[in-house]
Each structure stands twice: as structure tokens, then as C-alpha cells.
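Engineer: Below: one structure in C-alpha cells.
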Amino acid sequence: MNTLPLPKRASVVIIGGGVQGLSVAFNLVERGHKDILVLDAGYWQGGASGRNGTLIRPGFASVPWTELFILTVEEWRSWSKRLGENVMFTQRGYSVVSEAEKSEAMLLEGLKVQQSLGVNSRMLSRREIDDLLPAINKARVRAVQHQPEGGVAPHHAVMKGLLAFCQRNGVDVRYRTKISGLERTGPRVSAVLVGDHRIEADCVVSCAGPNNPDIAAMAAVPLNGFGMRIEAMALEPTRPLIKPAIALIDSLAYFHQTARGEVVGGTEVPERPRMSLKVDVPVMANMAKVYLEMFPQLGEVRILRHWAGQFHASTDYAPLLGEHPDLKDLWFSAGWSYGFAGAPAAGRLLAEAIAKGRIDRRMKPFALDRFEKTGPIIEGGIVLA
Amino acid sequence: MEQNNRQIEVTFLWNGTPVTGRSGDSVAAALWRAGITTLARSRKVHRPLGYSGSYPTGVLARVNGRPNVRIDQVAVEAGLVVEMQNTWPSPRFDLLRLAQALPPKLVYGGFEHGAWMPKSGLAYRLAERAMANLAGVARPADTSLAATAVAGERLDVDCLVVGGGPAGIAEANRHAERGGTVALVTRGDSLARFASSMGATLEILDPRVRLFPGMELFGAYRDGALMVGAPHDNRRGAVAFVPRKTVLATGRRSIPPMVRGSQLPGVLDAYAALQLAAVHRVMAGQRVAVVGTGAEMDIAEKLAALGVDVVHRGPVAELSEIMGRRRVTGIRAGTQIRCDAVVHAGPWRADPSLGFQASGEGMFQVQAHPLPQSFSIVGAAARGDERIHAARHVHPDTLVCPCMDVTAGELYCHIDAGETDPEVLKRLTSCGMGTCQGFPCWENMLALLAARIGVEPEMFARPTHRPPRRSITVAQAAGLAALVEPDQ
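Sequences listed follow chains B and R, in order. Going left to right, the first sequence walks through residues 1 to 385 as the numbering used here numbers them. Going left to right, the second sequence walks through residues 1001 to 1488 as the numbering used here numbers them.
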């Protein structure tokens, strides 16, 4: 924990010390940036970076999403080496399971997009389902789109690796440090305020998860999207039963078995939107129902813990990546619904843009002003209501 | 009648060997009587663990093909097949036990990041699989066990009383007399187990009170408007209570002493030792040491009256070590005393989970607030928490969290490097993320942290007490799906 006084100046101030913020910091360090300051209002891993399902896959149903996530999987593959820390990324495969005709058709459509972009996805035969998912209730499975390059990376390992790298390389990372305002000078953002303390900055990157709208409000600029909370739970550990990561598109559930044996996953129920870190019974009950139906061997396993996490989703659920169109030098990595998986790509693309002023073509579709200019991104392959 | 029942002998299998117990025994009690005290092995270095009354981890075993069954809650039955978990290749020939020889530092939290660990590709996937097999502890359930959802129940009551001790009974009776509908949930199969084994005279529960015995009330949801419990017997359904008023009569538990050896089989909390002696007629040991914060005198007297040979009684603060390799062989409390069991009776602290969940709020961290108006606390739970005696230098091998195998040394490693945020310590070490979900181990973790840096433990915000802390199975939870509507 850094107890020195806050600096008066930084080349880049990153708001949010989650996986997004630290990924931007890491990529900036690799590009030779110095004087990077990361400020986080909560505790390390306290936000969605410590609460998510940790699933990673390259393939979706639209070209922009799939291109972004192909890049992210490439990045994930090299992170352990570049960070010098084991982030425990494991490509044990990601299976998207359909239980109905309509969703099967969607998976087949998505498969065409993925294969045209070079993703190694395929639909599994019944025999392959037996081999890869021996414990699944086959009567419920209509089709499985399998992505062998997908997998998981435990968030504790990822966050530990990122923080260790940042601290080793002189990035000033402060948790429990809440910013109170942003200062504008003419057309650009010029400083970050922490109480009475003013930190002058060449550039500010907001990676504040559910608090991104608050950051936009401090700068008096609009930001698309809304706050969301979802819940997840962990079962008591057992030795391996489920190998790949799994998404059930009809049941809106996703889960995997962690490297320490807990089955971790979540689902959604239709409830009134609210922001809170507290859990409720319906998600636990419905997730349990899904487990029981899809993996009957989990029926007598006990539920260990259950938690909620918050994020900020854009209205098309695709990320908002780039500089704010109304305010120079204020950048966002916001609007995420697959933020943990996407963080390596986002960090790299944003760092390149900030360091060299070059906007990668894979980042362009996710611009903040896409809703007014080109319209929302249509993506049918996400497991989210 | 009860006495007669106990005469009936029942033979079951423990790791393939027949063991004879008496009907009415729990499996853990029967094994204890047979001299078998190591019932489980810790997760990382495979330390012996047993029935402690404090940590469920020591009593989790495989029963008839079902993993992680609490054998202190399962009655012996003829032909029951009970096996120790976390062994390989088999409980009788267990090579994993060699892990005890590992230097502790090798398995401190985050050991998987070590330089020796392959970092990517197939090599990492194989390492991960080996790790998952080791950390998973138990094999999944036998495939022949087809589980179906166990239908739950939703119950509107005027008053929900949590805890079946004397205070809970009195409170439930008071409300029943006023004419309201009252439900009383208790962990025990019978009411007031501790008080009755101490010889207290008890109020009879008003027959109008609906009693839910053998049930753990594990979660307070919607600011306490929805309280959920599940029976230990997983063939019975969970219950979602909608109470107008909730009374927490959850009592206090004795926190295990923070000294080296506190996890050894033979270390028991006062409740467990009294239960064994009074109900099962099993003595905690041949020579028993009783330590505590004042209650040790009464407890020792009661144990002695039940036939236990008490060789030491004294303040827990004077206890500096519990010795033994496979089970307790002695203690150091000023002098060295030979004994084969240690019973602790204090410091007494209330489990804060339900109050935390009912009142907790916060956007960056959930923190406890004053309880909602509809809640009250009665009995021992209302009496406040006793201070935990922690030295600035606790022996590094002292186990703080037996479920996740986290030692004082491991916590010191991070605290001494400047990390003093309990939420972060939890994430770095997994302390409190096992079966107990933080009680009692966060009590000890916070006391250890506070003593190390010279502050009061109360200054720290507690990590989140998350439900349902293994009190409900997937099949029981599925039975609630149709009963609780999403909050619209």
C-alpha cells in the first residue's frame, strides 16, 4: 500500500484500478510511458474485476465483436510472459450450448462469421459432446458450438499479475482513493481532483466500471448506457467434473469449474434495475435449477457463497472505447458487459491510441458516438438479457 | 427408551474397515468412541483435522457416494459407507499425506504463481488439472445418484426466532402467547442442547410455535424481509420465511485459541465436548485440559461430573501451544501439561453473519449498519463479543483458517509487507473463503492483524459475510425457484 502523498502531476491518470485500468497502465508502460497514476475508490479486486465469471472466448455473432475478441485471446496468450507473472490463462475451451431450435440457428449463423475471421470454432457431434462434456445431461442439449481457443483466467491471478507488474514498473496505484472532480480547461480535461488535492494530467482514462457515468458527469459530458448488477455463486469444490467453460444461451447462464474445484457461475432473472452489492434468492434458486437440470451430479453439492457485482453497460452491450467526442484527452473504457475477457484488447488498443494517436480499425466500431453516427452494434451471441 | 436405543450396536464402514457404533450416535461420535479422531485432511498440506465443533471442514467425508457430507450430522446406520476425502490413491494408502513434509512457505497463497509453474499452453493445462484434483478435495458424487429438486416452502410469520437456546425459547413463547404466528429455527435436532447438557432447567416450547429443528438459517435477504434456511437433511426442503419481526437468539460460540496446534484432532469447543459427553457418552479424551475466559471452571466441573478426567483448567490467554502430531498430546500453559484433549470455553463471540446481511450496504464495500427496525437480538448474542487474546508474534504455523489451510505465517507475509486491508488479505490468502465463510476464522484473522500492527480489531471493516455458506444443496435451492418471485 502506497502511503506517500499524491503527486501534483501525472502524464496519465487512470480512474479505476480494476482489470481495465491496470491493463491500460500495463500497455502504456510497455510503450514507454512514465508517470502513470491509477486511482481507485474501492479496494483491490473489490469491483467487477474480482466478481466476474472469468470466462474468455474469441467467437461471437458479429464481425466487430469477434475481431475484438480474437485480439483479446491473442493478448491473453502472451500476458503471463509479458507480465512476468502467471495469470493462469487456460485455453480449455468454451462451449456455447443451445437448448432450442432458434438458438441453434443463431449459433450456426455465428459460426459462419467466426470461421470467416479464422476462429477455430465448430459444432460438436454427439460423440464429441460425450467426450468433452461427459457429465452434461444430453437430453437437454440441442447443439454445442465449441471454441477450443476459449477458456478462463482466474481473476485473482490476473489482478495479482497486473498489480505486481505495475508496481514493479513505477506505476503509482492507489486504492481507497476516490476522486471528487475533474477540471476542464477549454476543450480538454486538465486535472483530477481528490478532495482538495489537484493532480494535473495530460490525459485521463476512465475505467471506472459502474462508476463511469459519475466520471462523465464530473466532466459534464454525456455517456451512453446504464448501470447493471448481476449475481454469481460458487459451489463447494470437488475434483474436476466440468472441463470447458460453458454458456447456456437459452437459460442465460454461464459457468465453469475453477482451478480449485469450485463451480462458479451466474444467471439473470427479470427484476427491477437497481445498483447494489447485495444478493437475492431468485438468482441462487434459478442457477441451482440450471445446474440440476444440466449437470445432475451437482444436485447434492452445496452452495458455498453468492455475491453480486455491478457494471455499466452501453445500450447495445458493446464497449465504449476511445476519446470522448466532446472533451479532448478524456478517454473511456466503458459500457462493458464482457469486460474481464476484453480487457487485454482494450488496454492495448487504448494505449496505442493514447501513445501514438492511432485508432486501430478494430477499435473504431466501438467509438462513443457510434449511436449518433453509425447506429448500435447488433450482436446476438452474448448471454445477457 | 433412549437408553435402550443406545444399546443397539450398528456396524458401518470407515475407509473399508467395519466400525461399531451405537444407534443414536452421529458418525463422528461413533468414530471418536472407536478412537478414530482424524476424519479429514486439510487442503494444502494435509494436516489431520477432526471433530472440533468450530470448523465443518474437519467432519466432511464421503458417505454412500456423496461428497462433503457432515458426519457430525449423520446418524450411524448399518452398512453406511463412510470414506475420508482428500486422499490419493485411496484413504487406506494415501500418498497425498506426504504433503505434510512440504515447507509451509511453498504453499502460501499465490504459490501457483511460482517461478516453477508452467505459464501457458498444454504444460500449464496439465499443471492446472493436477492442481484442481488436489484442491478439489472430494470426488464428485457418484453418477448413480440422480438428484431432483427438493420442493421448498414459503412461510409468512409474525415472528421468526433464530436459535433454539433458552433465550430463543423464551422469546418464541412470549410471542406465541400474544397470539401471533411464530416460527423457531434451530440448528440442533433438539432444543437447547448446550443448556441442557449444562443441566439447566428449560421452559417448554409453546405448542403453537412452529419448530424447525435441524435447520440452518443461513441468509438474510431484502434487508431482512426474506430469511432463508435449509435443513441439514438434504432430502427435506428449504424454507423461505417472510417474517414481520425477526429475533436473533443465535448465542455465542467459543473461538478456537490462536496458538500453534489449535486445529489438531482433540481440540474441541465447549459445546462439542459437552455434547459428546452428555449425549453420546463419549469422553473428549483420557486427560482433558479446559481453557477459557471464565467459563472454563463451570465447563470443567460439568465435564468432570460426566466422568471426564480434567487435568488442567486455566485462562486461554496463558495457553501458548497445543502439542501433538496426529492428535493432541499436551499443552504448554506456563508449564508443559500432558493431555489428549483441549476444550476451549471462550473467548465467546456471536456469529455476525445474519446481522451483517440484514443491515449491510455500500457501493464499494458492503459494511454493516444498525439493524433494521424489525430485528432484535436477545440472549447471549446481545451480550457483546469477548476480546480475542492475540500476541504480536503468533507462531507462524498457527492455523487461522483450517478450511483453506491458511496459517498466521501466511497472513504475516502480507501484513508485514504493508497489506492491512482485510478484504485484500482475504483475496490474497483465501482466508475465510472455505466452508465456514468467515466465522470463526475472520474473528481470529482480524485479531491477528490488529495485534501485529498495534491497533484495535474493531477499526477494520469486516469482509462480506456471504450466504449461504454451504448450508443448502443445489437441489434444495432449486426447490425455491418457484416460491420466491424476483424483486420487481
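A virtual CB, placed ideally from N, CA and C, is assigned to each residue, including glycine. Everything numeric in this text was worked out from a predicted model, so none of it was measured.
So the beta strand (DSSP E) residue 80 of chain B belongs to, where does it begin and stop?
Structural biologist: Counting along the chain, residue 80 of chain B falls outside any beta strand (DSSP E), though it belongs to the alpha helix (DSSP H) covering 63–83.
Engineer: Can you find the residues in the same chain that come closer than 7 angstroms, C-beta to C-beta, to residue 5 of chain B, ignoring five residues on each side of it along the sequence?
Structural biologist: The answer is none, since no qualifying residue turns up.
Engineer: Between the Cα of residue 976 of chain R and those of R:1338, R:1377, R:1191 and R:1165, spot the shortest distance and give me the residue it belongs to.
Structural biologist: Because chain R here runs from 1001 to 1488, residue 976 of chain R falls outside it and cannot be looked at.
Engineer: Against residue 1110 of chain R, what residues of chain B qualify as contacts under a CB-to-CB distance less than 9 angstroms, listed in chain order?
Structural biologist: Result: 156, 157 and 160.
Engineer: Can you name the start and end residues of the beta strand (DSSP E) that residue 1315 of chain R belongs to?
Structural biologist: Run containing residue 1315 of chain R: 1310–1315, per the beta strand (DSSP E) assignment.
Engineer: Can a CB atom of chain B be found closer than 8 angstroms to the CB of residue 1365 of chain R?
Structural biologist: Yes, contact with chain B.
Engineer: Tell me the rounded alpha-carbon separation between residue 1451 of chain R and residue 1414 of chain R.
Structural biologist: If you take the alpha carbons of residue 1451 of chain R and residue 1414 of chain R, they lie about 14 angstroms apart.
Engineer: Specify whether the stretch 1150–1166 of chain R and the stretch 1238–1248 of chain R touch according to this definition: at least 3 beta carbon pairs, one from each stretch, less than 8 angstroms apart.
Structural biologist: Counting Cβ pairs under 8 angstroms, three or more are found: they touch.
Engineer: At which residues does the alpha helix (DSSP H) containing residue 1033 of chain R begin and terminate?
Structural biologist: From DSSP, the alpha helix (DSSP H) with residue 1033 of chain R extends over 1027–1033.
Engineer: Among B:296, B:89, B:85 and B:236, whose alpha-carbon lies nearest the alpha-carbon of residue 74 of chain B?
Structural biologist: Minimum Cα distance to residue 74 of chain B is reached at B:89.
Engineer: Buried or exposed: which applies to residue 1116 of chain R, given that a residue is buried once 16 or more other Cβ atoms fall within 10 Å of its Cβ?
Structural biologist: So residue 1116 of chain R counts as exposed.
Engineer: Is there a Cβ from chain B that is less than 8 angstroms from the Cβ of residue 1484 of chain R?
Structural biologist: By this cut-off, residue 1484 of chain R is an interface position.
Engineer: Since residue 1113 of chain R meets chain B, which of its residues come closer than 7 angstroms, beta carbon to beta carbon?
Structural biologist: Neighbours of residue 1113 of chain R on chain B, chain order: 85, 86, 157 and 160.
Engineer: Ordered along the chain, which non-local residues of its own chain (more than five positions away) have a Cβ less than 6 angstroms from that of residue 228 of chain B?
Structural biologist: Cβ neighbours of residue 228 of chain B beyond the five flanking positions: 311 and 313.
Engineer: Between residue 180 of chain B and residue 193 of chain B, is the Cβ-Cβ spacing less than 8 angstroms?
Structural biologist: Yes. Within cutoff.
Engineer: In whole angstroms, what separates the C-alpha of residue 1407 of chain R from that of residue 1390 of chain R?
Structural biologist: Rounded to whole angstroms, residue 1407 of chain R to residue 1390 of chain R spans 14 angstroms at the Cα level.
Engineer: If the cut-off is 7 angstroms on Cβ atoms, which residues from the stretch 1118–1135 of chain R count as contacting chain B, listed in chain order?
Structural biologist: Within the stretch 1118–1135 of chain R, the residues whose Cβ lies closer than 7 angstroms to some Cβ of chain B are 1119, 1120, 1124, 1125, 1128, 1129, 1131, 1132, 1133 and 1135, listed in chain order.
Engineer: Does any CB atom of chain B fall closer than 8 angstroms to the CB of residue 1003 of chain R?
Structural biologist: The predicted position of residue 1003 of chain R is uncertain, since its pLDDT is 47 and thus under 50; a value taken from the coordinates is nonetheless stated next. It does not: the Cβ of residue 1003 of chain R has no partner Cβ on chain B nearer than 8 angstroms.
Engineer: Please say whether residue 12 of chain B and residue 219 of chain B have beta carbons closer to each other than 8 angstroms?
Structural biologist: Contact: no.
Engineer: With burial defined as no fewer than 16 other Cβ atoms inside 10 Å of the residue's Cβ, what is the status of residue 9 of chain B: buried or exposed?
Structural biologist: Exposed: under 16 other Cβ atoms inside 10 Å.
Engineer: Closer than 8 angstroms is the cut-off here; do at least three beta carbon pairs connect the stretch 34–45 of chain B with the stretch 162–171 of chain B?
Structural biologist: The stretch 34–45 of chain B is in contact with the stretch 162–171 of chain B.
Engineer: May I ask you to report which of helix, strand or coil DSSP gives residue 15 of chain B?
Structural biologist: Note: residue 15 of chain B maps to strand in three-state DSSP.
Engineer: Look at the alpha carbon of residue 1394 of chain R and the alpha carbon of residue 1113 of chain R, and state the distance between them as a whole number of angstroms.
Structural biologist: Residue 1394 of chain R and residue 1113 of chain R: Cα-Cα distance of roughly 27 angstroms.
Engineer: Within its chain, find whatever has a CB closer than 7 angstroms to the CB of residue 207 of chain B; leave out the 5 residues flanking it on each side and keep chain order.
Structural biologist: These residues qualify, in order along the chain: 14, 15, 16, 18, 20, 21, 24 and 333.
Engineer: DSSP beta-bridge partners for residue 145 of chain B?
Structural biologist: Paired residues: B:96 and B:123.
Engineer: Can you find a heavy atom of the ligand GTP that lies under 7 angstroms from the Cβ of residue 174 of chain B?
Structural biologist: In terms of ligand content, the structure shown is empty, and the ligand GTP therefore cannot be addressed.
Engineer: I need the DSSP call for residue 9 of chain B, collapsed to helix, strand or coil.
Structural biologist: In the structure shown, residue 9 of chain B sits in a strand (DSSP, three-state: E or B).
Engineer: Would you kindly check if the distance between the Cβ of residue 1346 of chain R and the Cβ of residue 1285 of chain R is under 8 angstroms?
Structural biologist: Contact: no.
Engineer: Between which two residues does the beta strand (DSSP E) harbouring residue 1142 of chain R extend?
Structural biologist: Residue 1142 of chain R -> no beta strand (DSSP E), and no H or E assigned at all.
Engineer: Would you mind telling me which residues of chain C sit closer than 8 angstroms to residue 1234 of chain R, beta carbon to beta carbon, in chain order?
Structural biologist: Among the chains of the structure shown, chain C does not appear; the protein chains present are B and R.
Engineer: Under 8 angstroms Cβ-Cβ, which residues of chain B neighbour residue 1096 of chain R?
Structural biologist: Ordered by position in chain B, no residue passes the 8 angstroms Cβ test against residue 1096 of chain R, which lies about 12 angstroms from the chain.
Engineer: Please list, in chain order, the chain B residues whose beta carbon lies closer than 7 angstroms to that of residue 1478 of chain R.
Structural biologist: By Cβ distance, chain B contributes 285, 288, 289 and 292.
Engineer: Express the C-alpha separation of residue 1287 of chain R and residue 1304 of chain R in angstroms, rounding to a whole number.
Structural biologist: Answer to the nearest angstrom: the Cα atoms are 11 angstroms apart.
Engineer: Considering only C-alpha positions, which residue in the set B:235, B:211 and B:150 is nearest to residue 247 of chain B?
Structural biologist: For residue 247 of chain B, the nearest C-alpha among the options comes from B:150.
Engineer: So, is residue 1444 of chain R buried or exposed, given that buried needs 16 or more other C-beta atoms within 10 angstroms?
Structural biologist: Result: buried.
Engineer: Where residue 374 of chain B and residue 366 of chain B are concerned, what is the direct C-alpha to C-alpha distance, given to the nearest angstrom?
Structural biologist: Spanning the two alpha carbons is a distance of roughly 10 angstroms.
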